[in-house]
Amino acid sequence: MRRFVSVSVCSLNQWAGDWIGNCDRIKESIRRSKAAGASLRVGPELEICGSDCLDSFFEDDLYLHSWEMLGCILADRECHDIFLCIGMPVKHGGKRYNSKVFALDGKILLIAPQTIRWSDQNSRDGKYFSLWKKRGITEEYRLPDFLKKAHGTGFVPFGDSSISVLEGSIGPFVGGKKETSLIPDISIHTTRYHHEIGRFASHMDSICRLGKNVGGVHIYSNLKGCGGERMLYEGASCIIVNGEVIAQGPRFKLGDVDVITATVDLQKVDEYRCSILGHANVQLLGKDSGSLSYVDVPFSLASPNTIAMNRIATGLVSITDLPKVHFTEAEEIAVGPACWLWDYLRRAGMNGFLCPLSGGIDSCSTAIVVYVMCHLVIDAIKSGDCGVINDVQKMCATTDRSPDWLPATPNELCNNILHTVYMCMPEHSSAASEKRARELRDSIGAYHLEINIEDGYKAQKDLITSATGYQPIFQVFGGSRAEDICLQNIQARLRMVTAYQFGQILPVSRKRVCPTPLLILASTNADEVLRGNYTRYDCSSADLNPIGSYSKNHLREMIGWAQHNFNLPVLQTFLDAKPSGELQPITKDYCQDDEGDLGMSYDELAMFAISRKIEHLGAVSMFQKHVQTMAGDYTPQEMAEKIKKFHYFLALNRHKSTTLTPAYHATSYSPHNNWCDSRQFLFPFQNTGHTFQKIDDLTALIEKREYQNQLNAAPIMAKL
202 MRRFVSVSVC SLNQWAGDWI GNCDRIKESI RRSKAAGASL RVGPELEICG SDCLDSFFED
262 DLYLHSWEML GCILADRECH DIFLCIGMPV KHGGKRYNSK VFALDGKILL IAPQTIRWSD
322 QNSRDGKYFS LWKKRGITEE YRLPDFLKKA HGTGFVPFGD SSISVLEGSI GPFVGGKKET
382 SLIPDISIHT TRYHHEIGRF ASHMDSICRL GKNVGGVHIY SNLKGCGGER MLYEGASCII
442 VNGEVIAQGP RFKLGDVDVI TATVDLQKVD EYRCSILGHA NVQLLGKDSG SLSYVDVPFS
502 LASPNTIAMN RIATGLVSIT DLPKVHFTEA EEIAVGPACW LWDYLRRAGM NGFLCPLSGG
562 IDSCSTAIVV YVMCHLVIDA IKSGDCGVIN DVQKMCATTD RSPDWLPATP NELCNNILHT
622 VYMCMPEHSS AASEKRAREL RDSIGAYHLE INIEDGYKAQ KDLITSATGY QPIFQVFGGS
682 RAEDICLQNI QARLRMVTAY QFGQILPVSR KRVCPTPLLI LASTNADEVL RGNYTRYDCS
742 SADLNPIGSY SKNHLREMIG WAQHNFNLPV LQTFLDAKPS GELQPITKDY CQDDEGDLGM
802 SYDELAMFAI SRKIEHLGAV SMFQKHVQTM AGDYTPQEMA EKIKKFHYFL ALNRHKSTTL
862 TPAYHATSYS PHNNWCDSRQ FLFPFQNTGH TFQKIDDLTA LIEKREYQNQ LNAAPIMAKL
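Going by the working numbering, the final residue of the sequence shown carries number 921, and the count climbs one at a time with no gaps.
The following block contains the structure:
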């Protein structure tokens, strides 16, 4: 006999600490699930409080408010007549647990704490939550007093268990190589998996492989959007039957609530498990793993209209019916931070962005990310997303047009949201850079200003002379390195001051109804952060940095994609331009060159970044690797000098990273000094240290060996 069951899985754009908003989004997802005919609704991890609460997880108030919001959901009659799985933090026995609450018709059936933990370099679960170690055991959990009356009892089961309904079993995925027999018919995976370029496919493969290995219906629920931190949760919740994805939500999509519904046949689960495991194997695995406890609930997940309301009735669906979830690396580089920026902008209640344009590829990349965001917003408007429409009308409202105004194209929206400023110094800025900035503005529609900041620069420079009697000059004109850096930094920091100045006044001058300040965008890439080749409190200092975890090479890849995807031929001029900070005077014999200042190429910087952060190589190990991999390009002495220079400047400039603008996290090699790359910021002097001496010794040993090999390979008469 077939056992058809309709289930819904949700991706919610939850915001840490937004109690009422989070509660409303959960209720909306329940209403949509019921409207789709589902009898089971599964939500993401920590959906009640939001995932990015961080040290607020130590506060008792957070647990109180979580119970208050759960009580509000359970008391709402619109949330009855459907089986619910809701994610929230729970305190029990003096410990904090990341838990799933199973409920039906206003009553809590089971609280299931986490028994296994997924983690990566940004995971904080180990700091805030304990794992439930008592396999197959439940205890009594005392409910808060304000829930006892409505619930009818003061205690509910808490622990490692599943729910038994008329059609089968429902429960959290418990994992482990020896625990396949403990996986219920409907296994629930809730997570907060964040975006990092290039890893989504392997993540999905691992979930599908698990389904193939043990069978069953696997419901994977993930958060979406910016929850208040540097990461973007990428959604793409899905329903998997015996290892095959039959329904999946979108991955990079604006909006707060995604609900995916499918009808599955639990009989197919039994048939599949019998075919791949056999009863003997299942029993053997069960003995190794201990017993599985159940909470019996006399409730049927099936309904007479299940098949009629959902077109998926067999547990199979054509791949063409699934949304796009696999993106090229170049697309991910742009679309991920675009979604993150939108959530930050609307939740911060600001009128838009201001991006200083230098005419280089970094600030161009930041502007293009905002332009991609504008495309996503227009797509949402055309699809009728009321939340996005309201947000656009609120942030773009002006005193001289209708409050119902909506942009028709990405360029029109870009003109209202993105403000770009080219700040020139006639002696330092090239005409080509100014032209590129202007043409980029024309291509994407941004509101653009061109400002000459020479008067401000001269005023600060003259202040030095009036106070000290000394007039600093650039190194190209015979000055010292210290003078040169001082003068460069005047211009660099003046850019930051000017950016904030216009970010404050532009909403007023453009007649915004609520003239809140613009969010200033930084454009410092990961290579510059790693090398320290930037000025603290220049344009690297802003409110947000959408490209801060990307290397220059990754940005070039994204710009190439945008050029063809949006038909923006101007972007080729940015790809062809030689990187330059343009902070020094341009003469007929000299023009500032970024790679010349760095002492190494951006390709080399990207290579060293991967070796340091992903491969976890120190200076000596890095030398030992690359002296072999790059043997055809550099002598051992040359490679030693590059490795030492890289680590010298890394140590010298690491302190700068402590004040960096919050950057969107999207790569494993990101050098930002927060949870991702925790390092000291006061380093010993490197040039005379043990590490560099070790590299010198290895270099001498390699060169001696190579010289000896050359002698041994030479003709005998040549030796004589």
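Glycine included, every Cβ here is placed at the ideal spot set by N, Cα and C.
Computed from a predicted model, the values in this text were never measured in an experiment.
- Put simply, the backbone Cα of G251 is about 19 Å away from that of G550.
- Contact between the stretch 703 to 719 and the stretch 560 to 575 is absent: fewer than three C-beta pairs spanning the two stretches fall below 8 Å.
- Per the C-alpha coordinates, the member of G399, V465 and W606 positioned closest to E368 is V465.
- With respect to the 8 Å criterion, K228 and I283 are not classified as neighbours on the basis of their beta carbons.
- Secondary structure of Y394 (DSSP, three-state): coil.
- Around the beta carbon of L455, 16 or more other beta carbons lie within 10 angstroms, which makes this residue buried.
- Looking from the CA of R855, the closest CA among T699, E729 and K895 belongs to E729.
- In terms of Cβ geometry, V357 and F453 do not form a close pair [threshold 8 Å].
- In the structure shown, N734 falls within a coil segment according to DSSP collapsed to helix, strand and coil.
- A residue is called buried when at least 16 other Cβ atoms come within 10 angstroms of its Cβ; T610 does not meet this threshold and is exposed.
- Annotation for F847: the continuous alpha helix (DSSP H) segment containing it runs P837 to N854.
- Pairwise C-beta distances place the stretch 600 to 617 in contact with the stretch 572 to 592, as three or more of them are shorter than 8 Å.
- Judged by pairs of C-beta atoms under 8 Å, the stretch 619 to 626 does not touch the stretch 538 to 549, as fewer than three such pairs exist.
- A direct Cα-to-Cα measurement between A743 and G337 gives close to 51 Å.
- A distance below 8 Å separates the beta carbons of K753 and N726.
- Counted as a single uninterrupted DSSP element, the beta strand (DSSP E) harbouring V446 occupies residues E445 to Q449.
- For the pair of segments examined, the stretch 844 to 859 was found to touch the stretch 878 to 885: the number of CB pairs separated by less than 8 Å reaches three.
- Annotated as proximal: Y342 and I312, with beta-carbon spacing under 8 Å.
- Excluding sequence positions up to five before and after C575, its CB lies within less than 6 Å of the CB of P611, L614 and C615, all in the same chain and listed in chain order.
- DSSP, read as helix, strand or coil, puts Y495 in strand.
- The Cβ atoms of E839 and A531 do not sit closer than 8 Å to each other.
- Straight across, the Cα-Cα distance linking S644 with L772 is about 9 Å.
- Within the stretch 589 to 652, the beta strand (DSSP E) runs of at least 3 residues that lie entirely inside it are, in chain order, 619 to 625.
- Beta-carbon to beta-carbon, I748 and P557 are separated by about 13 Å, too far to satisfy the 8 Å threshold.
- By the CB criterion at 8 Å, I408 and I441 fall inside the cutoff.
- Counting the other CB atoms within 10 Å of its CB gives G360 a total of 16 or more, which places it among the buried residues.
- V458 and H404 have their alpha carbons spaced roughly 22 Å apart.
- The DSSP-derived three-state label of K335 is coil.
- Contact between the stretch 625 to 633 and the stretch 647 to 662 is present: three or more C-beta pairs spanning the two stretches fall below 8 Å.
- G412 and G704 have their C-alpha atoms spaced approximately 51 Å apart.
- F258 places its beta carbon less than 8 Å from that of R297.
- Proximity of the stretch 426 to 442 to the stretch 863 to 875 meets the contact definition, three or more beta-carbon pairs being nearer than 8 Å.
- Within the same chain, Y870 come within 7 Å of I811 by CB-CB distance, once the 5 residues on both sides are set aside.
- Under DSSP, Y658 takes part in no beta bridge, so it has no partner.
- DSSP lists K425 as the beta-bridge partner residues of E435.
- Taking the C-beta atoms as reference points, I534 is found nearer than 8 Å to H755.
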